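Undergrad: Everything in the sequence shown is counted per the working numbering, starting at 662 for the first residue and increasing by one.
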Amino acid sequence: MEFKEIQELIRMVSKSNLAEIRIEKDSFKITIRTRDYYTTSARATEAAPVTYAIPPIQAPVTAPVQTATSAPVSGSEAPKEKSNSGNENSVSFKSPMVGTFYRAAGPDKEPFVKVGDIVKPGTVLCVVEAMKLFNEIESDISGKIVKIMVDNAKPVEYDQPLFIIEPM
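(1) Is Lys686 close to chain B, meaning its C-beta is less than 8 Å from at least one C-beta of that chain?
(2) Can you tell me the Cα-Cα spacing of Glu749 and Thr692, whole angstroms?
(3) Within the continuous alpha helix (DSSP H) that includes Val674, where are the two ends?
(4) Measure the Cβ-Cβ separation of Ile806 and Lys775 and say whether it is below 8 Å.
(5) Roughly how many angstroms separate the alpha carbons of Ile826 and Ala680, rounded to a whole number?
(6) Are the CB atoms of Ser803 and Val785 within a distance shorter than 8 Å?
(7) Taking Tyr763 as part of the beta strand (DSSP E), name the residues at either end of that continuous run.
(8) Return helix, strand or coil for Ala791, following the three-state DSSP convention.
(9) Do you know how far the Cα of Ser751 is from the Cα of Pro782?
(10) In whole angstroms, what separates the C-alpha of Glu771 from that of Val674?
(11) In whole angstroms, give me the CA-to-CA distance for Lys808 and Ile667.
(12) Please name the residue or residues paired with Thr692 in a DSSP beta bridge.
(13) If Pro822 sits next to Ser753, beta carbons under 8 Å apart, how far is it from one beta carbon to the other, in whole angstroms?
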């Protein structure tokens, strides 16, 4: 079991109602106890142990390491819908991932786009940082930026509106 898997297991146990979990696989053994384990009076008068089945964890597939920036993420992966802002043709351009929204490539750089800018397919609209990877988010439509929905350096959720674009 790798360190990241153990960290994830600890997070899952801390969010659950479990006081203790034991995992044994081949020569590997681990026991994780929460504070509830030490404070629960029911522990002293334990009637019968409860067994939870945990699916086997497969060895992770090694992915190529990416540095600096990853490949641009096309807006076609980001769902769009009609927006209430602007005119009735306006489209809401949504985040294709969870991360931190940045309007520019760096703090001292110009923003990729501003309100009123005309964009075309392939135009970089912003960067979303996810797990230390900076993903360029590109437009997949031609249009005019009507509104920027997120402040710089703020967290964004998957499918959260980032821009309102008026198609041309």
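All C-beta atoms, glycine included, are put in the ideal place defined by N, C-alpha and C. Remember, it's a predicted structure, so these values are computed and weren't measured experimentally.
TA: By the coordinates alone:
(1) Looking at the structure shown, chain B is missing, and only one protein chain is on hand.
(2) 57 Å
(3) Phe664 to Lys676
(4) yes
(5) 50 Å
(6) no
(7) Gly760 to Tyr763
(8) strand
(9) 16 Å
(10) 44 Å
(11) 43 Å
(12) Arg683
(13) 4 Å
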